[in-house]
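Trainee:
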Amino acid sequence: MKPIYWKKWMLDITDLYGTIETDRPHKKTDITIVSQLPKHMSDDKYHMLKKFKTLHLNLEQTEEELFKGMNRTTRYQINRASKDSFEVTIIDHPSPKDIKEFVQFFIPFSKEKDIPSCSYSKLNSLGEEGMLVITKVIDEHGRKLASHAYSLTEGKASMIHSCSGRFEFGNNQERNRIGRANRFLHWNDILYFKEQNYQIYDFVGISFDDDEDKAMKNISDFKKGFGGREVIEYKYYIAHSLPGKIVLFILSQKWRKRPDFLEYSFK
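Using numbering that gives the first Met the number 0, you'd call the opening residue of the sequence shown number 0 and step up by one each time.
1. Please return the same chain residues whose Cβ sits closer than 7 Å to the Cβ of residue 261, not counting the five positions on each side in sequence.
2. Across which residues does DSSP place residue 51 in a beta bridge pair?
3. First and last residue of the beta strand (DSSP E) that includes residue 203?
4. Taking C-alpha atoms, which residue in 195, 246, 252 and 257 lies nearest to residue 29?
5. Who are residue 262's beta bridge partners in DSSP?
6. What is the DSSP secondary structure of residue 181, counted as helix, strand or coil?
7. Got a sec? Which residues, its chain only, sit under 6 Å from residue 155 by beta carbon, not counting five neighbours each side?
8. Measure the Cβ-Cβ separation of residue 3 and residue 11 and say whether it is below 9 Å.
9. Going by the DSSP bridge assignment, what does residue 219 pair with across the sheet?
10. Considering only residues of the same chain and omitting the five flanking positions on each side of residue 243, which have a CB-CB separation below 7 Å?
11. Where DSSP assigns a beta bridge to residue 87, which residues make up the other side?
12. Have a look at 128, 36, 184 and 94 and flag the residue whose alpha-carbon is nearest the alpha-carbon of residue 84.
13. With distances taken between CB atoms, is the gap from residue 146 to residue 101 smaller than 9 Å?
14. State the Cα-Cα distance for the pair residue 181 and residue 97, rounded to the nearest angstrom.
15. With respect to the alpha helix (DSSP H) encompassing residue 97, which residues constitute its N-terminal and C-terminal limits?
16. Let me know if residue 252 comes out buried or exposed under the rule of 16 or more other beta-carbons within 10 Å of its beta-carbon.
17. Work out the CA separation of residue 153 and residue 113 for me, nearest whole Å.
18. Taking residue 16 as part of the alpha helix (DSSP H), name the residues at either end of that continuous run.
19. Which residue's Cα is closest to the Cα of residue 197: 44, 61, 94 and 119?
20. Count the other CB atoms, across all protein chains shown, that sit within 10 Å of the CB of residue 255; report buried if there are 16 or more and exposed otherwise.
21. When you compare each of 151, 158 and 250 to residue 203 by their alpha carbons, which one comes out closest?
22. Need the endpoints of the beta strand (DSSP E) that residue 149 sits in, please.
23. Could you spell out the range, first to last residue, of the beta strand (DSSP E) harbouring residue 2?
24. Assign residue 73 to buried or exposed, taking buried as 16 or more other Cβ atoms, counted over all protein chains shown, within 10 Å of its Cβ.
25. Is residue 73 helix, strand or coil by DSSP?
26. Which class does residue 198 belong to by DSSP, given the choice of helix, strand or coil?
27. Short check: CB of residue 80 to CB of residue 174, under 9 Å?
28. Any idea what DSSP makes of residue 35, helix, strand or coil?
Okay, structure coming up:
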C-alpha cells in the first residue's frame, strides 16, 4: 500500500492506496485511512469501518464492447457530443498550477451540490507521487465545461472527483450541453486509461438501494449509464492521536445511521 500524506481540519492524515502490502515506512499521523479494501478489517482499537458500493468497468474489453455496454441515453449523448466543438485535455503529470485550477473549478460545483470541497493538499500529494491524472473538456469559446481527477493504483484508475460548470452557465439548454460534454469526457477518459493498459475504470461510489439521498441516486444513475459491474468495498479509519480519536468519534456519531456505516470501536 502506498502512503499519501495530507492535512484536513489541522489533522495530519495518511491515506493508504492499493491493496498490495509494502515495507515502506509510514510517517506518524493523527488518522490513517485505508480505502477500497476488498475485505472487512476491524483489528485496531480505535477504528471506524464503512462499506461502499462502487462501479467497475473492465477495460480489457474492446472499445466496441465498452460502448455497447452503456445504456441508450449515454450512447446517444456521447454520439451527439462528438459532433460538438469540444476539446478534451488529459493531464497525466499535473503541476501545482493545474491542481489549483481544478480545486477552484470544483468550489462552485461543491457549493451548489452541498458536498465537501476537494483537498488541494491531498491532490498535490497524489501528484507528487505520480498517482494523479486530471482531465477537462472545453468548448469552442475556451470555457471549461467539466473536469475529473483520478488516483492511479495497481492497474486501476479511480475517479476521486468529478465536477462541471452546469450551475455556472445558467439556462437549461446550456446545462444539457454541459451534461453531454461531461459524458463525452468520461468516455475519452475511459479510452485513455484503456490505451495506458489499465484494467479497471472505477467510478468510486454509487448509492445503496435503501439510500434516501435523491441527489446521490441521480449521480448513481448517471454512472450506471456507462455499464460496468457493481462491487462492495470497505473504507477503514484508524485513529492514532487524541485529536484523531475525537474527530473519528464525532464522525461516527454523524454517520452511524447511514446505510454505508458498519461499526466503530473506541474501547
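Think of the CB as a built atom: it goes at the ideal place given N, C-alpha and C, for glycine as much as any other residue.
Mentor: With the structure as the only source:
1. As a first step, residue 261 must be located in the sequence shown, where it is residue number 262. Closer than 7 Å at Cβ, skipping near neighbours: 48, 49 and 50.
2. For the purposes of this step, residue 51 is identified with residue 52 of the sequence shown, where counting begins at 1. Residue 51 pairs with 232.
3. On the sequence shown, residue 203 is found 204 positions in, with the first residue counted as 1. Segment: none, residue 203 is in no beta strand (DSSP E) and carries neither H nor E.
4. Working through the sequence shown from its first residue, we reach residue 29 at position 30. If we check each option's Cα against that of residue 29, 246 comes out closest.
5. Here residue 262 refers to the residue found at position 263 of the sequence shown. Answer by DSSP bridge pairing, in chain order: 48.
6. Translated into the one-based positions of the sequence shown, residue 181 becomes position 182. DSSP places residue 181 in helix when its eight states are reduced to three.
7. The residue you call residue 155 lines up with position 156 of the sequence shown. Within the same chain, residue 155 has close Cβ partners 199 and 201.
8. Against the sequence shown, residue 3 aligns to sequence position 4. Against the sequence shown, residue 11 aligns to sequence position 12. No. Outside cutoff.
9. For this step, residue 219 is matched to residue 220 along the sequence shown. DSSP output for residue 219 lists no bridge partner at all.
10. In the sequence shown, counting from the first residue as 1, residue 243 sits at position 244. Within the same chain, residue 243 has close Cβ partners 10, 29 and 30.
11. As a working note, residue 87 is residue 88 in the sequence shown. Its beta-bridge partners are 136.
12. Within the sequence shown, numbered from 1, the residue matching residue 84 stands at position 85. It is 184 whose Cα lies nearest to the Cα of residue 84.
13. On the sequence shown, residue 146 is found 147 positions in, with the first residue counted as 1. On the sequence shown, residue 101 is found 102 positions in, with the first residue counted as 1. Closer than 9 Å, so yes.
14. To locate residue 181, count along the sequence shown from 1; it is residue 182. To locate residue 97, count along the sequence shown from 1; it is residue 98. Answer to the nearest angstrom: the Cα atoms are 19 Å apart.
15. As a working note, residue 97 is residue 98 in the sequence shown. First-last of the alpha helix (DSSP H) with residue 97: 95 to 112.
16. Taking the first residue of the sequence shown as 1, we reach residue 252 at position 253. Answer is exposed; the Cβ neighbour count stays below 16.
17. The count along the sequence shown starts at 1 and reaches residue 113 at position 114. The count along the sequence shown starts at 1 and reaches residue 153 at position 154. Cα to Cα, residue 113 sits roughly 32 Å from residue 153.
18. Position 17 of the sequence shown, counted from the start, is the residue given in the question as residue 16. Residue 16 -> not in any alpha helix (DSSP H); beta strand (DSSP E) instead, spanning 10 to 16.
19. Taking the first residue of the sequence shown as position 1, residue 197 is located at position 198. The candidate whose alpha carbon is nearest that of residue 197 is 61.
20. Along the sequence shown, one-based indexing puts residue 255 at 256. Exposed, because fewer than 16 other Cβ atoms sit within 10 Å of the Cβ of residue 255.
21. What you label residue 203 is simply residue 204 of the sequence shown in a count that begins at 1. For residue 203, the nearest C-alpha among the options comes from 158.
22. Counting from one through the sequence shown, the residue named residue 149 turns up at place 150. Element bounds for residue 149: 143 to 152.
23. Residue 2 sits at position 3 when you count from the first residue of the sequence shown. It spans 1 to 7 - the beta strand (DSSP E) in which residue 2 sits, taken as one unbroken run.
24. Within the sequence shown, the letter at position 74 stands for residue 73. Answer is buried; the Cβ neighbour count reaches 16.
25. Sequence index remark: in the sequence shown, residue 73 carries index 74 (1-based). The answer is helix: DSSP assigns residue 73 an H, G or I state.
26. As a position in the sequence shown, residue 198 is number 199, starting the count at 1. It is coil, neither helix nor strand.
27. The count along the sequence shown starts at 1 and reaches residue 80 at position 81. The count along the sequence shown starts at 1 and reaches residue 174 at position 175. The answer is no: Cβ separation not under 9 Å.
28. By 1-based counting over the sequence shown, the position of residue 35 is 36. In the structure shown, residue 35 sits in a strand (DSSP, three-state: E or B).
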